[in-house]
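Student: Numbering (this note's numbering), first residue to last: 996 to 1785.
Ideal Cβ positions, reconstructed from N, Cα and C, are used throughout, including at glycine.
Just so it is clear, the structure is predicted and the values come from calculations on it, not from any experiment.
There's a structure below that I have some questions on.
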Amino acid sequence: MADLVLPRPHTVRQMTRAPKTRHARLVLGAETARENSRRWGATLQLPTITLTFVYEGQEVSAYDPDPRIMHDGEVVTLLRDHEWEEACLTRLMEAGAIPVEELETHWSGERMMDCDLVFADGELSTSLMDVSRLDDAIDFAFEVVPALRREGWDIVEGRKWPYRLAGETASLSISTLNAPGAAFQGNDWFSFGFQAEIGGKAIDVAPLIAAFLEQSREWDHVPDVDVLAQHLASQPVYLDRGKQGYVAVDLSPIAPLLHMFLSHQVELGAMHPTDAGLVKLAEEALAGSDVRFSDIVGILPLARSLHALTEVEAYSSPAGLRAQLRDYQAYGAAWMAALLQAGFGGVLADDMGLGKTVQALALLQARREAEAPGPVLLIVPTSLVHTWRSQAEQFTPGLRLVVLHGNDRAAYRAAALEADLVVTTYPLLARDREWLAAHDWPLVILDEAQTLKNPASQMAKTLREIPAKGRLALTGTPLENSLQDLWTLMDWVNPGLIGDRKQFQTLFRTPIEKHGDASAQARLNRRLRPFLLRRTKEQVAAELPSKTEILERVELPKPQQALYETVRSVMDARVREAIRTKGLAASRITVLGALLKLRQVCCDPALVKTEAAQSVTDSAKRARLRELVSELVAEGRRVLIFSQFVEMLHLIERDLTEAGIAYLSLTGKTRNRASVLDAFANGGAPVFLLSLKAGGVGLTLTEADTVILYDPWWNPAVERQAMDRTHRIGQTKPVFVHRLVAAGTVEERILDMQQRKQALADALFEAESDTAHTVLDETTLEDLFAPLGA
996 MADLVLPRPH TVRQMTRAPK TRHARLVLGA ETARENSRRW GATLQLPTIT
1046 LTFVYEGQEV SAYDPDPRIM HDGEVVTLLR DHEWEEACLT RLMEAGAIPV
1096 EELETHWSGE RMMDCDLVFA DGELSTSLMD VSRLDDAIDF AFEVVPALRR
1146 EGWDIVEGRK WPYRLAGETA SLSISTLNAP GAAFQGNDWF SFGFQAEIGG
1196 KAIDVAPLIA AFLEQSREWD HVPDVDVLAQ HLASQPVYLD RGKQGYVAVD
1246 LSPIAPLLHM FLSHQVELGA MHPTDAGLVK LAEEALAGSD VRFSDIVGIL
1296 PLARSLHALT EVEAYSSPAG LRAQLRDYQA YGAAWMAALL QAGFGGVLAD
1346 DMGLGKTVQA LALLQARREA EAPGPVLLIV PTSLVHTWRS QAEQFTPGLR
1396 LVVLHGNDRA AYRAAALEAD LVVTTYPLLA RDREWLAAHD WPLVILDEAQ
1446 TLKNPASQMA KTLREIPAKG RLALTGTPLE NSLQDLWTLM DWVNPGLIGD
1496 RKQFQTLFRT PIEKHGDASA QARLNRRLRP FLLRRTKEQV AAELPSKTEI
1546 LERVELPKPQ QALYETVRSV MDARVREAIR TKGLAASRIT VLGALLKLRQ
1596 VCCDPALVKT EAAQSVTDSA KRARLRELVS ELVAEGRRVL IFSQFVEMLH
1646 LIERDLTEAG IAYLSLTGKT RNRASVLDAF ANGGAPVFLL SLKAGGVGLT
1696 LTEADTVILY DPWWNPAVER QAMDRTHRIG QTKPVFVHRL VAAGTVEERI
1746 LDMQQRKQAL ADALFEAESD TAHTVLDETT LEDLFAPLGA
């Protein structure tokens, strides 16, 4: 021991400085975790990250002290860059990784604490986790990790790390598939299939496509196809091939298809056959690409038929049509024909006055000339039976028409089955239900189809029971109160087109009416577009004359007919007695008084002050006026209603009040005349009621675009004065004049005479007529006081 020599102690110098090199190091792996509160015993492999920092070759974790190294006999303490380390950690958390500590109370795992960060499934979520972190892990593995490596990060993929790219490529293919749903017009529901073909195996990628479309709804606008393709190319999706790893799938080749889906607000899933047009658009979008498209379902022919509806060929007017159709009317008739040819129904929803009736008659005449099977069933409001009959006689005299109306209608059923057109009314549907449902009708048409707005009504149920190969609806107001009206109509025309009531409520009505969802509105519009044709007066103004006169012949109901006949019989006897005792020339006042009584019966029985008249509550013209005004107001029209009888205007006021329609009134008793006129000019109400004396002259009402002559005046000059309240200098819109005439009555006879004998009208209604004695002969009076319909 005495010989032992100890080294002399020496001092080691220490210093502190910033490191010359540094980089972050990641070890990627996976560990087993068990969720503590909701899935006892269930385990899940969670992707993990261990983060360390390497300063001049010295690796430290987040919790280690500053590293030390020996350099030239000195102990050098390297100052860690905590700001840089924090930035590295933040980079990982922005990619979706979560610090292990934030999940401690929700999971357990023996080796989890050896890690720093974890990607966790949404089911193992905390308040900080509201999306699936496993999806983030995929993005991290294939998008973030390559970027970090390029930046100099040292990244080690451990044996358990689940995300590795397989050495395979994917090619996309698109197809149509059968989908569950009721068959419609012989076609089943369908869907789009999306497959990625990898190593000879087809993998369903439809969920990925659906997810992309859902996420894209947050975009402010749909980008151009090229921009969308670049976006997709930069963000491929990854498919799990199990032990083989993940395969990157580039969706950019189907960018044109996805652009079409986004532009049309398409939601993937089961689609109604009437969505077949999307298949043609899909085929066109993929043309010229390497993506294979297969129409497995065979729906392309239907798609092409639907597409043809947007390119209706020039219409050739049938030889038997006695009308010159305007261009838009010819298109409407051709559109209905093409729709039926394709196996679908449709709604012609032109504004009132644009000629829906003549368009339908043109279609029916063309069917007859093509020897199409008949008869066609037409269902109308009672007030329009005579209108259809007279219009058919005028425009399509070759049509064999049978009206099933009245107590003796059963006697005409056999003839109806041999006719071209069978007309019946909505009120008779329930009574004739069994007979109507026993026949297969090639076509059923509803006029004033907004009548069918309550899907739970007996009328709606009966209509659904009537077999029909084709269905058409005519209405100026397809939507009166809510989208429910539209659903009822469209579901009858094309069952299932916009879902059942519950589906429609969920997918369209609630989002649109309560939340103003523009996306839902766009989807509904796309679904309806091929099957609903609507032209407003403004849209076709260039084709319209400055003034269109429409004569509506309204058939009186039985009680009103009986009252008319009673009054007519009494008045006829009174006039004959006056002529016998005083002579024809001196009996003019008696004749005018008798005609006035008959006109009052035509207007409304309430105007006739007899006990028999007061018991009659039916009024055909008043009922028709209610329908007419409701539709016109719904279209946004401004309406003048003229009547000679102030009391009739009061009855109309009552109807407008019950309907919730605002109105103004001007009669001879109106004191604040100027303020009433100003109120109408300034949009105070859509309807203006005027008496002949107060409103016939001296007024300019160009704010209105519609005139209704409730009770015709047989002096044309008086009628022209009423029309000219709005049809005059300053009017910028086409004016429509509706004349309401009680069919088969004195109103219709004098109207006919007016056209033939102007002198007769002057004789009857001009106080100083010099011609009365020459034209009021017994033959004329017999015609005027002839029985109803004679």
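Under a Cβ-count criterion, where at least 16 other Cβ atoms within 10 Å of its own Cβ denotes burial, should Trp1156 be classed as buried or exposed?
Tutor: Here residue 1156 refers to the residue found at position 161 of the sequence shown. Buried: at least 16 other Cβ atoms inside 10 Å.
Student: Taking the beta carbon of Gly1091 as the centre, do at least 16 other beta carbons fall within 10 Å, making it buried, or is it exposed?
Tutor: Position 96 of the sequence shown, counting from 1, holds the residue named residue 1091. Result: buried.
Student: In terms of alpha-carbon separation, which member of Leu1084, Gln1534 and Val1113 lies closest to Leu1039?
Tutor: Residue numbering aside, residue 1039 sits at position 44 when the sequence shown is read from its first letter. For the residues Leu1084, Gln1534 and Val1113, the minimum Cα distance to Leu1039 belongs to Val1113.
Student: Check Asp1235 in the structure and name its three-state DSSP category.
Tutor: Here residue 1235 corresponds to residue number 240 of the sequence shown, with the count starting at 1. Here Asp1235 sits in strand by DSSP.
Student: Please work out which residues of its chain come closer than 8 Å, Cβ to Cβ, to Leu1399, disregarding the five sequence neighbours upstream and downstream, and give them in chain order.
Tutor: By 1-based counting over the sequence shown, the position of residue 1399 is 404. Tyr1407, Arg1408, Ala1411, Val1417, Val1418, Thr1419, Leu1423 and Asp1427.
Student: Within the same chain, show all residues whose beta-carbon is closer than 6 Å to that of Asp1650, passing over the 5 residues directly before and after it, in chain order.
Tutor: As a working mapping, residue 1650 is identified with position 655 in the sequence shown. For Asp1650, where only same-chain residues beyond five positions count, the Cβ hits under 6 Å are Arg1621.
Student: Closest by CA to Pro1370, which one among Arg1395, Gln1386 and Val1353?
Tutor: Position 375 of the sequence shown, counted from the first residue, corresponds to residue 1370. Of the listed residues, the one whose Cα sits closest to Pro1370 is Arg1395.
Student: Could you check how far apart the C-beta atoms of Gly1024 and Thr1043 are, in whole angstroms? I think they sit under 8 Å.
Tutor: For the purposes of this step, residue 1024 is taken as residue 29 along the sequence shown, with counting starting at 1. For the purposes of this step, residue 1043 is taken as residue 48 along the sequence shown, with counting starting at 1. Their Cβ separation, rounded to whole angstroms, is 5 Å, which keeps Gly1024 and Thr1043 in contact under 8 Å.
Student: Under 8 Å, do Glu1547 and His1733 count as touching if we go by C-beta distance?
Tutor: Translated into the one-based positions of the sequence shown, residue 1547 becomes position 552. Translated into the one-based positions of the sequence shown, residue 1733 becomes position 738. Yes, the pair counts as a contact, with Cβ atoms nearer than the cut-off.
Student: My understanding is that Arg1594 touches Asp1747, with C-beta atoms under 8 Å, so please give their C-beta distance in whole angstroms.
Tutor: By one-based count along the sequence shown, residue 1594 stands at place 599. By one-based count along the sequence shown, residue 1747 stands at place 752. The pair is not a contact, with the Cβ atoms about 15 Å apart (cut-off 8 Å).
Student: In terms of alpha-carbon separation, which member of Glu1279, Glu1366, Glu1152 and Val1375 lies closest to Gly1393?
Tutor: Working through the sequence shown from its first residue, we reach residue 1393 at position 398. With distances taken between Cα atoms, Gly1393 lies closest to Glu1366.
Student: Beta-carbon within less than 7 Å of Pro1376's beta-carbon, same chain only, minus the 5 sequence neighbours each way: which residues are those?
Tutor: Position 381 of the sequence shown, counted from the first residue, corresponds to residue 1376. Once the five neighbours on either side are set aside, the close Cβ partners of Pro1376 are Thr1420, Tyr1421, Glu1443, Thr1446 and Glu1622.
Student: CB-CB under 7 Å to Gly1739, same chain, minus the five flanking residues each way: which ones, in chain order?
Tutor: Indexing the sequence shown from 1 puts residue 1739 at position 744. So the qualifying residues of the chain are Leu1783 and Gly1784.
Student: If I measure Cβ to Cβ from Phe1683 and keep anything under 6 Å in the same chain, skipping five residues before and after, which residues do I get?
Tutor: Here residue 1683 refers to the residue found at position 688 when the sequence shown is read from its first residue. Around Phe1683: Leu1635, Leu1659 and Phe1675.
Student: How is Trp977 classed by DSSP in three states: helix, strand or coil?
Tutor: The requested residue 977 is not part of the displayed model; the chain covers only 996 to 1785.
Student: Can you name the start and end residues of the alpha helix (DSSP H) that Ala1332 belongs to?
Tutor: To locate residue 1332, count along the sequence shown from 1; it is residue 337. Taken as a continuous stretch (DSSP letters only), the alpha helix (DSSP H) holding Ala1332 covers Asp1322 to Gln1336.
Student: With distances taken from CA atoms, which of Leu1001, Pro1062 and Val1049 is nearest Arg1017?
Tutor: On the sequence shown, residue 1017 is found 22 positions in, with the first residue counted as 1. Nearest of Leu1001, Pro1062 and Val1049 to Arg1017, Cα basis: Val1049.
Student: Suppose contacts are defined by Cβ-Cβ distances below 8 Å. Is Asp1599 in contact with Arg1619 by that definition?
Tutor: Translated into positions along the sequence shown, residue 1599 becomes position 604. Translated into positions along the sequence shown, residue 1619 becomes position 624. For Asp1599 and Arg1619, no; Cβs fall outside 8 Å.
Student: With respect to the beta strand (DSSP E) encompassing Asn1173, which residues constitute its N-terminal and C-terminal limits?
Tutor: Taking the first residue of the sequence shown as 1, we reach residue 1173 at position 178. Segment Ser1166 to Asn1173, the beta strand (DSSP E) holding Asn1173.
Student: With respect to the beta strand (DSSP E) encompassing Phe1640, which residues constitute its N-terminal and C-terminal limits?
Tutor: Translated into positions along the sequence shown, residue 1640 becomes position 645. Premise fails: Phe1640 is in no beta strand (DSSP E) and is neither H nor E.
Student: Based on DSSP bridge pairs, tell me the residues matched to Gln1190.
Tutor: Counting from 1 along the sequence shown, the entry for residue 1190 is found at position 195. DSSP, once it has assigned bridges, lists Ser1168 and Asp1199 as partnering Gln1190.
Student: What does the Cβ neighbour count give for Pro1060, buried or exposed, with the cut at 16 atoms within 10 Å?
Tutor: Stepping through the sequence shown from its first residue, residue 1060 is reached at position 65. With fewer than 16 Cβ atoms within 10 Å of its Cβ, Pro1060 is classed as exposed.
Student: Under 8 Å: do the stretch 1561–1577 and the stretch 1327–1346 share three or more Cβ pairs, one atom per stretch?
Tutor: no
Student: Strictly by DSSP, which residues pair up with Val1398?
Tutor: As a working mapping, residue 1398 is identified with position 403 in the sequence shown. Its beta-bridge partners are Val1418.
Student: According to DSSP, simplified to helix, strand and coil, what is Ser1312?
Tutor: Counting from one through the sequence shown, the residue named residue 1312 turns up at place 317. Coil.
Student: With distance defined between alpha-carbon atoms, name the residue in Asp1415, Trp1430, Thr1382 and Trp1383 nearest to His1404.
Tutor: As a working note, residue 1404 is residue 409 in the sequence shown. This sequence places Arg at residue 1404; His is not what is there. If we check each option's Cα against that of Arg1404, Trp1430 comes out closest.
Student: Quick one, which of Leu1257, Pro1231, Val1242 and Ala1197 has its alpha-carbon nearest Glu1213's?
Tutor: Indexing the sequence shown from 1 puts residue 1213 at position 218. The candidate whose alpha carbon is nearest that of Glu1213 is Leu1257.
Student: Assign Trp1487 to buried or exposed, taking buried as 16 or more other Cβ atoms, counted over all protein chains shown, within 10 Å of its Cβ.
Tutor: For the purposes of this step, residue 1487 is identified with residue 492 of the sequence shown, where counting begins at 1. Per the 10 Å Cβ criterion, buried.
Student: Less than 6 Å between C-beta atoms, sequence neighbours within five positions excluded: which residues of the same chain meet that for Glu1388?
Tutor: The count along the sequence shown starts at 1 and reaches residue 1388 at position 393. Hits under 6 Å: none found.
Student: Taking 8 Å as the cut-off, does the stretch 1222–1233 touch the stretch 1260–1274 (at least 3 CB pairs, one atom from each stretch)?
Tutor: no
Student: What alpha helix (DSSP H) runs, 4 residues minimum, are completely inside the stretch 1046–1099?
Tutor: Within the stretch 1046–1099, the complete alpha helix (DSSP H) runs of at least 4 residues are 1077–1089.
Student: Using 8 Å as the threshold, is the stretch 1288–1295 in touch with the stretch 1310–1318, meaning 3 or more CB pairs across them?
Tutor: no
Student: Considering only the beta carbon of each residue, do Leu1438 and Gly1401 sit closer than 8 Å?
Tutor: Your numbering for residue 1438 matches position 443 in the sequence shown. Your numbering for residue 1401 matches position 406 in the sequence shown. No. Outside cutoff.
Student: What do you get for Asp1111, buried or exposed, if any count of 16 or more other CB atoms within 10 angstroms of its CB means buried?
Tutor: By one-based count along the sequence shown, residue 1111 stands at place 116. Its Cβ being crowded by 16 or more others within 10 Å, Asp1111 is buried.
Student: Tell me which same chain residues have a C-beta within less than 8 Å of the C-beta of Leu1252, skipping the five on either side of it?
Tutor: By 1-based counting over the sequence shown, the position of residue 1252 is 257. Short of 8 Å from the beta carbon of Leu1252, and not among the five residues preceding or following it, lie these beta carbons of its own chain, in chain order: Ile1169, Ala1277, Ala1280, Leu1281 and Val1286.
Student: So, at 8 Å on beta carbons, what are the nonlocal neighbours of Pro1450 in its own chain, with the 5 sequence-adjacent residues on each side left out?
Tutor: Looking up residue 1450 in the sequence shown gives position 455. Excluding sequence neighbours, Pro1450 sits near Gln1479, Trp1482, Thr1483, Asp1486 and Arg1496.
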